[in-house]
Amino acid sequence: MRINSINPANGQVIQSYQAHTPKEVSKIITNSHLVCRNWKETPFSLRSKLLHIVAKILRSRKEELAVLMALEMGKPLPGGRAEIEKCAEVCEYYAKNAEQFLKDEPVDTDASKSYVSFQPLGIVLAIMPWNFPFWQVFRFLAPALMAGNAALLKHASNVFGCAIEIEKIIIEAGFPENLFRTLLIPGNEVDQVIENPLVQAISLTGSTEAGKKVAAKAASLLKKSVLELGGSDAYLILEDADLELAAESCVNSRLINSGQSCIAAKRFIVVKSIEKEYTELFRQKMAVKIMGDPMDKNTDIGPQARPDLRDELHQQVMKSIKLGAKCILGGEIPAGAHSFYPPTILTEVKKGMPAYEEELFGPVAAIISASD
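In this text, residue positions in the sequence shown follow the working numbering: the first is 1, and each later residue adds one.
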């Protein structure tokens with residue numbers, strides 16, 4: 001089976017990857033387990049040294065890795081550069097602080113001496129999304145390695161190139177081979193990995209539905225799991241707000257990563273007395289944002305990561321309009337564009353509409369009026 005990486009800006013195949021077979025996955029897990037037995041005995045000083053090297057490699061390849069993100073999932077270059085810098089910083093943070101975080105903690109009991117000791121778990125499986133293809137991995141990987149664990153990555157299938165580069169960077173820094181491995185498998189084969197008795201814990205960042213499935217599987221096997229799921233964060237704009245500043249901040253937050261961020265502002269609840277003025281300021285600031293080639297330095301908004309995701313977003317917009325919302329900006333799929341979706345504003349959004357009830361994972365803002 002082959003899995004293609006496709007440029008969302010033009011639909012061209014960037015690379016085709018041969019998926020791992022179940023037998024290959026089993027061998028990778030076994031090899032990681034064997035390496036982890038030695039790694040968990042290494043001193044913090046060695047782990048820290050290697051993670052500092054990772055940070056240096058990331059910074060030295062910042063431009064190249066930003067380009068890779070632009071090609072695979074459409075992130076504009078400035079965002080890609082910032083993401084790599086953030087990854088380097090998180091590596092340095094855990095390299096400096098992990099030993100202190102993980103030191104034994106004394107506990108008062110009737111015994112002569114009691115303490116809590118933090119021990120490595122073993123192999124941790126990470127199931128990660130495409131929207132921040134380096135950051136989502138390193139924010140899990142840096143502490144996992146410093147804690148003495150091995151790590152397996154099941155990345156989103158459209159960013160396998162990013163996943164492979166992360167594995168190469170870890171090896172280049174001097175970490176043992178097989179301590180961190182990328183699994184090139186489709187999502188429907190994740191359960192088999194979770195079921196492997198050598199996998200001790202699972203970390204997932206993704207949709208609520210994916211989180212439910214992984215949590216249920218992990219719980220059925222009494223394995224630890226950590227979930228970071230979607231959200232539909234709201235901003236409240238009150239009567240005493242600086243409306244110019246509020247509109248600027250809200251637009252910038254809504255368009256983080258071309259609107260594809262679980263922590264971006266998505267709903268804007270505005271007091272009715274200032275709604276008209278705020279909405280017009282918001283519209284003006286959204287309207288000047290430039291949608292285009294993520295490789296162009298002037299681009300504010302790149303393509304959505306996949307055509308199916310763009311289509312799902314458009315369906316949410318259309319259903320909201322059908323139920324009474326008004327579209328005052330955008331709302332149409334550009335002709336000839338592969339995965340692009342324009343900055344869009346919906347007003348008169350009410351309960352029962354997708355724009356009110358669901359996460360809009362793209363550059364669509366829902367303005368909701370409040371009487372007080």
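The beta carbon of each residue, even a glycine, is placed where N, CA and C say it ideally should be. Model, not experiment: these values are computed from the prediction.
- Query: Taking the Cβ atom as the reference point for each residue, do Met-286 and Leu-313 lie within a distance shorter than 8 angstroms?
  - Reply: no
- Task: For Glu-105, count neighbouring C-beta atoms within 10 Å of its own C-beta (all shown protein chains included) and say buried if the count is 16 or more, exposed if not.
- Result: With fewer than 16 neighbouring CB atoms inside 10 Å of its own CB, Glu-105 falls in the exposed class.
- Message: For Asn-196, tell me which candidate among Arg-81, Ile-269, Val-124 has the shortest Cα-Cα distance.
- Response: Ranked by Cα distance from Asn-196, the first of Arg-81, Ile-269, Val-124 is Val-124.
- Which runs of the alpha helix (DSSP H), 4 residues or longer, sit entirely within the segment 38–93? Contiguous alpha helix (DSSP H) elements confined to the segment 38–93 occur at 44–60, 62–73, taking only those with 4 or more residues.
- Evaluate Gly-302 with the Cβ neighbour count: other Cβ atoms within 10 Å of its Cβ, from every protein chain shown; 16 or more gives buried, anything less gives exposed. buried
- Query: Which whole-angstrom value is the C-beta distance of Leu-77 and Lys-297, which I expect to be below 8 angstroms?
  - Reply: Contact holds; Cβ gap of about 7 angstroms.
- Cα-Cα separation between Tyr-17 and Thr-42, rounded to whole angstroms: If I take the Cα positions, the gap works out to 34 angstroms.
- Message: Using only CA atoms, which one of Ser-207, Phe-282, Ser-5 lies nearest to Phe-361?
- Response: Ser-207
- Pull up the distance between the alpha-carbon of Ile-263 and that of Asp-110, whole angstroms please. Taken atom to atom, the span from the alpha-carbon of Ile-263 to that of Asp-110 is near 45 angstroms.
- Message: For Ile-237, which residues in the same chain have their Cβ closer than 6 angstroms to its Cβ, ignoring the five residues on either side in sequence?
- Response: Ala-246, Val-270, Tyr-278
- In or out: Phe-101 buried (at least 16 other Cβ within 10 Å) or exposed? So Phe-101 ends up on the exposed side.
- Leu-229 to Leu-204 span [Cα, whole Å]: 8 angstroms
- Looking at the structure shown, is Phe-132 part of a helix, part of a strand, or coil, going by DSSP? coil
- Message: Could you give the first and the last residue of the continuous alpha helix (DSSP H) run that contains Val-190?
- Response: 190–195
- Message: Just to check my reading of the structure: Ala-378 and His-52 have Cβ atoms closer than 8 angstroms, yes? What is that Cβ distance to the nearest angstrom?
- Response: This structure does not reach residue 378, given that the chain is present from 1 up to 372, and the question cannot be answered.
- Looking only at C-alpha atoms, which of Pro-22, Phe-134, Asn-7 sits nearest to Ala-66? Phe-134
- Query: Thinking just about the alpha-carbon of each residue, which of Ser-45, Met-73, Ser-232, Pro-22 is nearest to the one in Ile-14?
  - Reply: Met-73
- Item | Chain-order list of residues whose beta-carbon lies under 8 angstroms from that of Arg-310 (same chain, five-residue window excluded) | Pro-303, Gln-304, Ile-333, Ser-339, Phe-340, Tyr-341, Gly-362
- Message: Our contact map puts Phe-282 next to Val-251 with C-beta atoms below 8 angstroms; I'd like the distance itself, whole angstroms only.
- Response: Rounded to whole angstroms, the Cβ separation of Phe-282 and Val-251 is 6 angstroms, and the two are in contact under 8 angstroms.
- Would DSSP call Val-25 helix, strand or coil? helix
- Query: Identify the residues that DSSP records as bridge partners of Pro-106: which are they?
  - Reply: Tyr-115
- Query: Roughly how many whole angstroms lie between the Cα atoms of Ala-219 and Ala-210?
  - Reply: 14 angstroms
- Residues in its own chain within less than 8 angstroms of Pro-176 by CB, not counting five upstream and five downstream? Val-35, Asn-38, Trp-39
- Whole-angstrom distance between Ser-369 and Ala-55, CA atom to CA atom: 46 angstroms
- Message: Quick check on the DSSP output: what are the complete beta strand (DSSP E) runs of length 3 or more inside the segment 252–334, in order along the chain?
- Response: 265–271, 326–329
- Between the Cα of Ala-234 and those of Glu-244, Val-288, Arg-267, spot the shortest distance and give me the residue it belongs to. Nearest option by C-alpha distance: Arg-267.
- Query: Near Glu-165, which residues of its chain fall below 7 angstroms by C-beta distance, leaving aside the five closest residues on each side in sequence?
  - Reply: Leu-65, Leu-68
- Segment limits, beta strand (DSSP E) that includes Lys-154: Where Lys-154 is concerned, the enclosing beta strand (DSSP E) stretches over 150–155.
- Query: Taking just the CA atoms, how far does Glu-172 sit from Thr-344?
  - Reply: Between Thr-344 and Glu-172, the C-alpha separation is close to 43 angstroms.
- Message: Strictly by DSSP, which residues pair up with Asp-233?
- Response: Residue pairing by DSSP puts Asp-233 in a beta bridge opposite Ala-265.
- Message: Please identify the residue among Lys-276, Asn-158, Phe-140 whose C-alpha is closest to the C-alpha of Glu-3.
- Response: Note on residue identity: the sequence assigns Ile, not Glu, to residue 3. Selected option, being the one with the closest Cα: Asn-158.
- DSSP beta-bridge partners for Asn-97? DSSP, once it has assigned bridges, lists no residue as partnering Asn-97.
- Collapsed DSSP secondary structure at Leu-360 in the structure displayed: coil
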